[in-house]
Amino acid sequence: MSRLVVVSNRVAAVKQSRPGSEGGLAVAVRAALRERGGIWFGWSGKVLDSDYGQPTLTEAGKITYATVDLTQRDYDEYYVGFSNSTLWPLFHYRLDLAEFAQRTWGGYQRVNALFAHRLQPLLRDSDTVWIHDYHFMLLAENLRSANCRQKIGFFLHIPWPALEVLLALPMHRQIVKALCAFDLLGFQTEDDLFCFHDYIRREAGGEVGADGIVKAFGRSLRAQAFPIGVDTEVFAKMAAESEGSKQVTRLDESLGKRDLIIGVDRLDYSKGLIKRVEAFEHLLTAYPDNRGKVVFLQINPPSRSDVADYVDIRRELEATAGHVNGTFAEYDWVPIRYLNKSFSRRVLAGFFRAARVGLVTPLRDGMNLVAKEFVAAQSAKDPGVLVLSRFAGAARELDGALIVNPYDVEGVAERLQEALNMPLAARQERWHSMYKAIAVNDVTAWREAFLTALQQATPPR
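Note that the numbering used here numbers the sequence shown so that position 439 is 466, with each residue one more than the last.
As structure tokens, then:
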């Protein structure tokens with residue numbers, strides 16, 4: 028079995044603080060590295076004034092954790108700039124927020140070249156390389172230029188945009204050409220794969236075979252959908268064990284007999300947070316019987332506070348939630364509890380289990396694992412209902428959810444009302460269907476499916 032080399036923007040901590048503290052992706056990647064041996068390579072999270080040094084290497088059993096520091100210039104241009112102010116908004120269909128600048132594009136190219144330069148000496152000829160996400164779409168092309176002939180796969184965790192959206196990116200051709208230097212491209216959904224194929228056929232003048240082989244820019248590679256999952260059994264166990272925990276008990280006592288609607292999202296404009304609050308406001312307006320009987324808990328861990336658009340969304344969300352509370356609150360009831368803070372996965376699992384409704388309404392999302400974690404956390408005897416955006420990749424798998432258009436505020440409110448009043452038998456039937464899907468297609472199955480397909484790929488000669 029070949030050694031595995033994983034490349035991601037951030038690298039998990041060498042020592043896991045306690046079981047269940049890490050997300051499913053980190054657990055799955057670490058498990059694969061422990062089994063096969065290899066390297067986890069990425070940014071250290073440190074921003075330094077001086078020039079780059081060699082990677083910092085830390086050995087832990089069969090795994091080598093290798094991290095690279097960034098200069099302030101590269102952090103500003105590569106990370107804050109092109110990655111999160113150009114690619115992230117554009118790939119989430121927010122052309123109005125995307126910034127196009129040759130300066131940040133140059134930073135993105137420079138850091139991808141830097142990572143390839145630092146990684147190449149660590150590689151062995153027999154290694155299998157797995158690169159993650161939009162930060163490193165140029166990495167394989169740089170490695171190929173350094174004469175690396177290993178099998179190299181890439182998985183995109185965010186959506187791949189439709190052709191008309193992608194064409195707004197001035198350097199779209201350079202990026203897609205660089206992606207074709209990989210042996211395997213993985214996307215979250217068949218919709219993302221279709222959009223990629225559409226670009227290859229209509230813009231790149233390439234071919235897509237019935238066997239999934241893409242031929243473009245003088246390269247042949249495989250592109251395929253690999254919907255990512257969660258660590259279903261672990262999360263379900265955490266949720267069950269947390270029922271009597273201090274935090275969940277405090278939440279239950281504070282709710283009294285009221286129903287809980289919960290949303291948990293990184294503070295990001297792609298998550299549809301303003302529309303979500305407006306939908307809850309409409310629920311209270313159109314269905315006044317819910318007043319005093321329902322609480323909406325929205326948890327938003329801070330995110331990218333150095334990007335102006337994220338500061339703006341926080342300010343707007345706080346104002347919108349405050350308006351709803353000012354309109355409807357009573358001396359013994361506040362309709363929205365907005366928390367701009369982080370909680371452990373264990374605590375969140377317990378909060379999900381206590382909720383009658385999970386409200387997951389992104390305007391665009393590659394998968395959205397919160398939706399799957401909500402399902403995993405539910406009690407089979409008395410499960411909650413998932414209200415899910417049709418624009419989340421998870422909507423393709425979770426057929427038991429109430430699917431909504433997040434732009435349709437009144438429609439979301441109607442589905443919330445339906446969820447709050449759904450009979451037990453209907454809730455159980457919907458939950459069983461969804462739990463079966465996420466149990467079979469968990470994060471381990473996703474990992475093995477991708478690595479098996481990459482192992483079967485034919486590397487360049």
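Note that the Cβ used here is the ideal one computed from N, Cα and C, for glycine as well.
Just so we're clear, the structure is a prediction, and the values are computed from it rather than from any experiment.
Cβ shell of residue i (< 7 Å), same chain only, five flanking positions each side left out
| i | result |
| --- | --- |
| Ser-460 | Asp-426, Gly-427 |
| Cys-222 | Trp-187, Pro-188, Ala-189, Leu-190 |
| Ala-356 | Pro-362 |
| Asn-395 | Val-387, Pro-389, Ala-419, Gly-420, Ala-421 |
| Ala-346 | none |
| Arg-37 | Gly-69, Trp-70, Gly-72 |
| Phe-262 | Ala-376, Glu-400, Ala-403, Ala-404 |
Pick from the options that is closest to residue i, judged by C-alpha positions
| i | options | result |
| --- | --- | --- |
| Arg-121 | Asn-448, Ala-421, Tyr-296 | Tyr-296 |
| Arg-303 | Arg-37, Thr-388, Phe-378, Asp-103 | Thr-388 |
| Ala-266 | Ala-381, Phe-118, Arg-318 | Ala-381 |
| Val-467 | Thr-83, Ile-255, Leu-194 | Ile-255 |
| Thr-485 | Pro-450, Phe-209, Ser-406, Tyr-314 | Phe-209 |
| Ala-231 | Asp-238, Gly-245, Gln-455 | Gly-245 |
| Asp-154 | Ala-263, Arg-228, Ile-240, Gly-64 | Gly-64 |
| Asp-281 | Gln-405, Thr-479, Val-470, Gly-319 | The amino acid occupying residue 281 in the given sequence is Ser; Asp does not appear at that position. Looking at the Cα atoms, Gly-319 is the closest of the given residues. |
| Ser-71 | Ser-35, Lys-368, Gly-88 | Ser-35 |
| Ala-472 | Glu-345, Asp-409, Arg-277, Glu-260 | Glu-260 |
| Ala-453 | Gln-483, Glu-475, Lys-408, Tyr-365 | Lys-408 |
| Leu-60 | Ala-140, Gly-88, Trp-458 | Gly-88 |
| His-159 | Asp-152, Ile-185, Glu-268 | Ile-185 |
| Arg-364 | Val-321, Ile-240, Val-374, Ala-313 | Val-321 |
| Phe-370 | Pro-315, Arg-176, Glu-343, Gly-290 | Gly-290 |
| Gly-213 | Tyr-92, Ile-179, His-199 | Ile-179 |
| Leu-150 | Arg-417, Ser-172, Arg-176 | Arg-176 |
| Phe-142 | Leu-166, Gly-299, Asp-316, Asp-435 | Leu-166 |
| Tyr-462 | Asp-258, Phe-181, Gly-349 | Asp-258 |
| Pro-148 | Val-275, Leu-84, Arg-474 | Leu-84 |
Own chain residues within Cβ distance below 6 Å of residue i, not counting five before or after
| i | result |
| --- | --- |
| Glu-217 | Ala-252 |
| Phe-127 | Pro-197 |
| Val-33 | Val-56, Trp-67, Trp-157 |
| Arg-488 | With a pLDDT of 49 at Arg-488, under the threshold of 50, the modelled position of that residue is not reliable, and the figure given next carries that caveat. Same-chain partners within the cutoff: there are none. |
| Tyr-105 | Gly-134, Tyr-135, Val-138 |
| Leu-478 | none |
| His-119 | Ser-297, Arg-391 |
| Lys-42 | none |
Residue span of the beta strand (DSSP E) that contains residue i, given as start and end
| i | result |
| --- | --- |
| Ala-87 | 83-87 |
| Leu-124 | Where Leu-124 is concerned, there is no enclosing beta strand (DSSP E), given that its DSSP letter is neither H nor E. |
| Leu-190 | Not the beta strand (DSSP E): Leu-190 falls in the alpha helix (DSSP H), residues 190-193. |
Below-8 Å beta-carbon distance, residue i vs any chain C residue
| i | result |
| --- | --- |
| Glu-424 | Here chain C cannot be found, since the structure has a single protein chain. |
Bridge-paired residues (DSSP) for residue i
| i | result |
| --- | --- |
| Leu-429 | Val-414 |
| Gly-69 | Ser-35, Thr-94 |
| Trp-132 | For Trp-132, which the question treats as bridged, DSSP gives no partner whatsoever. |
| Phe-214 | Ala-252 |
| Tyr-102 | According to DSSP, which records beta bridges pairwise, Tyr-102 is partnered with nothing at all. |
| Glu-357 | Trp-360 |
| Ile-288 | Phe-323, Val-384 |
| Val-74 | Leu-97 |
| Asp-392 | Ala-419 |
Continuous alpha helix (DSSP H) stretch holding residue i: start and end
| i | result |
| --- | --- |
| Asn-111 | Unbroken run through Asn-111: none, as it is neither H nor E. |
| Val-397 | 396-404 |
| Leu-386 | No alpha helix (DSSP H) holds Leu-386; the beta strand (DSSP E) holding it covers 384-387. |
| Lys-408 | Neither: Lys-408 is in no alpha helix (DSSP H) and is coded neither H nor E. |
| Lys-368 | Here Lys-368 belongs to no alpha helix (DSSP H), and DSSP marks it neither H nor E. |
| Lys-204 | 199-206 |
| Val-275 | 273-282 |
Residues near residue i in its chain [Cβ-Cβ closer than 8 Å; skip 5 each side]
| i | result |
| --- | --- |
| Asp-225 | Ala-189, Leu-190 |
| Val-414 | Val-384, Gly-385, Leu-386, Val-387, Thr-388, Ala-428, Leu-429, Val-431, Val-439, Arg-442, Leu-443, Ala-446 |
| Glu-343 | Ile-301 |
| Asp-101 | Gly-134, Arg-137, Val-138, Leu-141 |
| Gly-236 | Lys-242 |
| Glu-305 | Thr-347, Val-436 |
Checklist entry - Which ranges would you report for the beta strand (DSSP E) in the segment 292-320 if only whole runs of at least 3 residues count? => result Qualifying beta strand (DSSP E) stretches: none in this window.
Item to check | Within the segment 217-268, ranges of the beta strand (DSSP E) (whole runs, at least 3 residues) | outcome: List check, beta strand (DSSP E) in window: 240-243, 246-252.
Next on the checklist: My parser needs the alpha helix (DSSP H) runs of 4 or more residues fully inside the segment 144-186; what are they?
Outcome noted: Segments of the alpha helix (DSSP H) lying fully in the segment 144-186: 166-172.
Checklist entry - What runs of the alpha helix (DSSP H), each 4 residues or longer, lie entirely inside the segment 420-478? => result Runs of the alpha helix (DSSP H) inside the segment 420-478: 436-447, 451-467.
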